[in-house]
Ligand code: NAP
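Residue numbers (our numbering): 29 to 272.
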């Protein structure tokens, strides 16, 4: 479904980003993978290579705008185009908002929101010239607000606003921009959730179980593929019915 397409995935060394990378590789996309730690990216690159596609790494912190510039430059120089961008890199620093330190607030906004904005801005310049492209932003079921996640929820709600704005501004250039809201997906981010809170979330999931990174990867393949050519500005929940 993605043969001949060039895709960037941020935060691709572990968890959902790695799941998306593997799903894209199975669909024969050529990839550029990002994460801050290069050694972890290497493992993912080996797995992706086993499906036969081309894969490159651009390590770096997405909260630094230069990382986005390096990624887009790499796509232009090595692949000659940039078809798909998946803004997946994200962090949480949970706590009650009335006790939240400035740093705790700022770090989450810097990665989740600013990082997404920087790569969208750099990629849009190429995609506008190409008159084609797909931007997929990973938001969260928490975008509607979540206890102990003021910083994270605010960043993820803002990602949806950014997605819907970009869809309006880029539509004329045949560039689509959509968001995916994962529910409870088994990754390093969700492993530390206390048992009682996890059970409370599971009780609200109509399919009765948590998801795997590939569940998000499959949704991203669809949004990146020709099948989703007429879908833009949408928010796709992938959470087994967590938000209905
Ligand atoms: P994860 O297991 O903690 O993985 C995060 C990935 O992002 C890693 O590859 C990490 O690699 C990378 N990363 C972290 N900070 C970065 C930065 N500043 N610049 C570049 N890469 C960075 O998290 P996950 O659960 O897969 O979550 C992925 C995305 O899905 C996030 O945006 C998260 O908010 C969202 N999400 C997850 C869930 C869930 O249930 N898991 C639910 C809703 C939304 P390094 O550590 O090497 O940088």
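Cβ coordinates follow ideal geometry from the N, Cα and C atoms, glycine included.
(message) Whether or not the segment 142–151 and the segment 64–74 are in contact is what I'm after, with contact meaning three or more pairs of Cβ atoms, one per stretch, closer than 8 Å; do they touch?
(response) Taking a cut-off of 8 Å on C-beta distances, the segment 64–74 does not touch the segment 142–151, as fewer than three cross pairs fall below it.
(request) Check the C-beta distance from residue 100 over to residue 150 and give it rounded, since I have them as a contact under 8 Å. (result) Position 72 of the chain shown, counting from 1, holds the residue named residue 100. Position 122 of the chain shown, counting from 1, holds the residue named residue 150. Rounded, the Cβ-Cβ distance is 4 Å, consistent with contact.
(request) State yes or no: is the C-beta of residue 39 within less than 8 Å of the C-beta of residue 120? (result) By one-based count along the chain shown, residue 39 stands at place 11. By one-based count along the chain shown, residue 120 stands at place 92. Residue 120 sits away from residue 39, with the two beta carbons spaced by 8 Å or more.
(message) For residue 186, which residues in the same chain have their Cβ closer than 6 Å to its Cβ, ignoring the five residues on either side in sequence?
(response) In the chain shown, counting from the first residue as 1, residue 186 sits at position 158. Same-chain partners within the cutoff: 141.
(message) Nearest by alpha-carbon distance to residue 80: which of 184, 104, 50 is it?
(response) As a first step, residue 80 must be located in the chain shown, where it is residue number 52. In terms of CA proximity to residue 80, 50 leads the group 184, 104, 50.
(message) Between residue 222 and ligand 1, is there a pair consisting of the residue's CB and a ligand heavy atom that are separated by less than 7 Å?
(response) For the purposes of this step, residue 222 is identified with residue 194 of the chain shown, where counting begins at 1. No.
(request) Mark residue 105 as exposed unless 16 or more other C-beta atoms lie within 10 angstroms of its C-beta, in which case mark it buried. (result) Numbered from its first residue, the chain shown carries residue 105 at position 77. Looking at its Cβ environment, which holds fewer than 16 other Cβ atoms inside 10 Å, residue 105 is exposed.
(request) Determine the contact status of residue 181 and residue 191, defining contact as a CB-CB distance below 8 Å. (result) Taking the chain shown and counting its residues from 1, one reaches residue 181 at position 153. Taking the chain shown and counting its residues from 1, one reaches residue 191 at position 163. In this structure, residue 191 does not lie closer than 8 Å to residue 181 by Cβ.
(request) Compute the distance between the beta-carbons of residue 41 and residue 65, then report whether it is under 8 Å. (result) As a first step, residue 41 must be located in the chain shown, where it is residue number 13. As a first step, residue 65 must be located in the chain shown, where it is residue number 37. In this structure, residue 41 lies near residue 65, with their beta-carbon atoms less than 8 Å apart.
(request) Could you tell me which residues DSSP puts in a beta bridge with residue 241? (result) Within the chain shown, residue 241 is the residue found at index 213, counting from 1. Note: residue 241 sits in no beta bridge, so no partner.
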